[in-house]
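Right, one structure below, let's go through it.
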Amino acid sequence: MAVNGDKVSGEESASDRPVRVYADGIFDLFHFGHARAIEQAKKSFPNTYLLVGCCNDEITNKFKGKTVMTESERYESLRHCKWVDEVIPDAPWVLTTEFIDKHRIDYVAHDALPCFFGFLQVKSIGKFKETKRTEGISTSDIIMRIVKDYNQYVLRNLDRGYSREELGEKRLRVNMRLKKLQEKVKEQQEKIQTVAKTAGMHHNEWVENADRWVAGFLEMFEEGCHKMGTAIRDGIQHRILRQESEENRRMLLNGLTNAEDEDISSEDEFAQGEETFHDDEDSLNVSNKENETVKK
1 MAVNGDKVSG EESASDRPVR VYADGIFDLF HFGHARAIEQ AKKSFPNTYL LVGCCNDEIT
61 NKFKGKTVMT ESERYESLRH CKWVDEVIPD APWVLTTEFI DKHRIDYVAH DALPCFFGFL
121 QVKSIGKFKE TKRTEGISTS DIIMRIVKDY NQYVLRNLDR GYSREELGEK RLRVNMRLKK
181 LQEKVKEQQE KIQTVAKTAG MHHNEWVENA DRWVAGFLEM FEEGCHKMGT AIRDGIQHRI
241 LRQESEENRR MLLNGLTNAE DEDISSEDEF AQGEETFHDD EDSLNVSNKE NETVKK
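Read in order, the letters of the sequence shown are residues 1 to 296 in full-length UniProt numbering.
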């Protein structure tokens with residue numbers, strides 16, 4: 001059988017043999033994103049036989065990480081999808097020519113971002129059919145939701161009858177503390193968002209009124225500088241006047257002191273003169289008395 005483009009050539013095409021399309025994956029926590037990818041693969045051709053390969057736990061844990069569902073649970077989930085005609089367990093991580101030939105695969109369906117090197121070979125021989133991912137849903141997103149709200153799910157299961165031992169009592173206590181911490185963090189985040197929103201409003205207000213505010217600021221700054229200059233000038237003049245006043249007061253005090261000194265000197269001279277006068281008068285009286293005595 002030869003493959004050319006989307007048409008299957010050869011004798012079997014005349015008999016409307018179904019086109020065997022292969023899709024694979026991990027399919028952990030099987031969700032509608034998985035189902036849509038499988039549906040696209042199934043509808044690649046009017047008559048499609050869809051084989052879906054699923055990797056086992058060992059190879060998945062090695063290359064991608066721990067799964068929530070076991071390999072048996074993942075296989076069974078695929079068997080209950082109406083678009084799947086056949087499930088291939090233990091699918092290889094890297095697609096090989098031997099695997100394609102063994103299962104008589106005509107095309108391989110996958111999204112445009114294949115996660116293993118086998119798709120390069122499939123593309124090179126023209127056996128690749130592209131499917132589209134469903135945005136907003138993935139196994140990783142679902143796990144992240146559970147991790148984020150872990151404490152709520154723990155309390156939910158406690159209400160449903162699960163024991164603390166089954167949920168891990170020590171871990172439960174720790175996560176109860178974490179819940180309180182998360183509530184505080186959430187509260188702080190809300191405050192930060194409020195501040196950021198307010199800051200954004202202030203930013204918009206600034207953009208709208210920047211020119212007017214800048215002009216007003218410059219006007220106030222100029223007026224302030226003028227007032228400051230006036231205050232400095234008045235202060236200097238006040239200091240000069242005060243210094244002059246102190247000098248005048250000092251000179252006046254010196255003048256009064258000199259005048260008092262002169263008055264004191266005059267009084268002393270007057271007292272000395274008066275004393276001399278009295279002394280002369282006493283001498284004259286003594287002399288008169290002596291003359292009278294002589295006359296007698």
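Ideal Cβ positions, reconstructed from N, Cα and C, are used throughout, including at glycine. Keep in mind it's a predicted model, so treat the numbers as computed, not measured.
Inter-residue CB distance, residue i and residue j (contact presumed, cutoff 8 Å)
i, j, result
"Leu29", "Val52", "The pair is not a contact, with the Cβ atoms about 16 Å apart (cut-off 8 Å)."
"Leu95", "Val84", "With a Cβ gap of about 18 Å, Leu95 and Val84 do not count as contacting."
"Ile143", "Val68", "7 Å"
"Phe128", "Trp93", "That pair is no contact at about 18 Å."
"Val87", "Cys54", "6 Å"
"Thr60", "Ile26", "6 Å"
"Ile38", "Cys81", "6 Å"
"Leu167", "Val185", "Not really, about 23 Å apart at Cβ, beyond 8 Å."
Top-ranked residue by Cα proximity to residue i, from the options
i, options, result
"Gly33", "Asn56, Tyr49, Asp101, Thr131", "Thr131"
"Asp111", "Gly126, Ala41, Glu76, Glu58", "Ala41"
"Gly65", "Thr139, Leu181, Gly126", "Thr139"
"Arg133", "Glu246, Ala35, Thr97, Val195", "Ala35"
"Leu113", "Arg249, Ile240, Lys123, Tyr75", "Lys123"
"Asp141", "His31, Asn254, Leu253, Arg17", "His31"
"Glu183", "Arg17, Asp57, Glu58, Asn151", "Asn151"
"Ser90", "Tyr75, Arg250, Lys179, Thr97", "According to the sequence provided, residue 90 is Asp. The question's Ser does not apply to it. Closest option to Asp90, Cα to Cα, is Tyr75."
"Gln121", "Lys227, Glu98, Lys180", "Glu98"
"Lys148", "Met251, Glu219, Leu181", "Leu181"
"Arg17", "Gly126, Lys227, Ile105", "Ile105"
Element boundaries [beta strand (DSSP E), containing residue i]
i, result
"Ile88", "86 to 88"
"His110", "107 to 111"
"Asp28", "Counting along the chain, Asp28 falls outside any beta strand (DSSP E), and DSSP gives it neither H nor E."
Residue interval of the alpha helix (DSSP H) (run including residue i)
i, result
"Ala35", "32 to 42"
"Phe45", "Run containing Phe45: none; DSSP gives neither H nor E here."
Cutoff 9 Å: residue i Cβ touching any chain D Cβ
i, result
"Ile146", "Considering every chain present, this structure includes no chain D. It has just one protein chain."
Exercise. Can at least three beta-carbon pairs, one atom from the stretch 48 to 64 and one from the stretch 18 to 26, be found at a separation below 8 Å?
Worked result: yes
For this session: Ignoring anything shorter than 4 residues or poking outside the stretch 57 to 101, list the alpha helix (DSSP H) runs there in chain order.
Result: 57 to 63, 71 to 79
For this session: Could I get the ranges of all uninterrupted alpha helix (DSSP H) runs contained in the stretch 128 to 177, with 4 residues as the minimum, in chain order?
Result: 139 to 148, 150 to 159, 164 to 167
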